[in-house]
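J.: Can you keep this structure in mind? I'll have questions shortly.
Chains as they are written, first to last, in our numbering: chain R, 4 to 121; chain F, 10 to 114.
Here's what the structure looks like:
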């Protein structure tokens, strides 16, 4: 069955770089796209960025200068790197799957909490 | 960017009631809209896609409708397990509505 799971450090210092991994199973990264969505504590959902099935990427315009998403198809993993972290980047980070033509998110990982604090 | 305005922000209803949540887009999104349910401490779960298509396994008491810039999610015969936050999401720049927190009266 389709599964996604996020992993990464729970705590990052301000101005440092966040590195997260999304490991997927039950589908191929060359058939579906994977997105990152984040949710600050008690707040709403914010789309962060995506790597499409063809390998191209798109990023939230507000985060674009600090963000990079890549993948290793042989390991079924997608990577998020975000630099210059600030306290407002504290959030639960989810990876989620979409199709290639209708961009709704049909499967989600459980999420990983990232706290930016010294 | 397309703005999504979701209302109400919170809602309290009795068991068995019908509730409606709305999302308005700042421009026509041509039915490119999904609805999600998020229970406390859990990841969002897809309920409706393409404005009115029910995702696999979702109870039929959930339904979506709308067109153009106006969309709604209706929950018939409210159950205790429907206590959650609900979010709309449009496909064009992938933005979400601000959410509706649903409680039982």
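For each residue, glycine too, the CB sits at the ideal point set by N, CA and C.
1) In chain R, what lies closer than 8 Å to residue 109 (chain F) by C-beta?
2) Whole angstroms are fine: how far does the CA of residue 80 (chain R) sit from the CA of residue 26 (chain R)?
3) When every heavy atom of the ligand GTP is checked, does at least one fall within less than 7 Å of the C-beta of residue 42 (chain F)?
4) Identify, in the order they occur along the chain, each residue of the same chain with its Cβ nearer than 7 Å to the Cβ of residue 89 (chain F), setting aside the five sequence neighbours on each side.
5) Closer than 6 Å by C-beta to residue 19 (chain F): which residues in its own chain qualify, once you throw out the five before and the five after it? Chain order, please.
6) In three-state terms, what does DSSP make of residue 77 (chain R)?
7) Does any C-beta atom of chain F lie closer than 8 Å to the C-beta of residue 105 (chain R)?
8) Is there contact between the region 58-68 of chain F and the region 64-84 of chain R, where contact requires at least three CB pairs shorter than 8 Å?
9) In angstroms with no decimal places, state the Cα-to-Cα distance between residue 107 (chain F) and residue 99 (chain F).
10) Taking the alpha carbon of residue 76 (chain R) as the reference point, which residue from R:59, R:24, R:32 and R:121 has its own alpha carbon closest?
11) Rounding to the nearest angstrom, what Cα-Cα distance links residue 71 (chain R) and residue 34 (chain R) in this structure?
12) According to a CB-to-CB cut-off of less than 8 Å, which residues of the region 49-60 of chain R neighbour chain F?
13) Within the region 48-107 of chain F, note down every full alpha helix (DSSP H) run reaching 4 residues or more, in order along the chain.
14) Are residue 108 (chain R) and residue 55 (chain F) close, meaning C-beta to C-beta below 8 Å?
T.: Looking at the atomic coordinates:
1) The premise fails here: residue 109 (chain F) is roughly 10 Å from chain R at the closest Cβ pair, so nothing lies under 8 Å.
2) 5 Å
3) You won't find the ligand GTP in this model; it holds no ligand whatsoever.
4) 24 and 113
5) 110
6) helix
7) yes
8) no
9) 12 Å
10) R:32
11) 21 Å
12) 49, 50 and 53
13) none
14) yes
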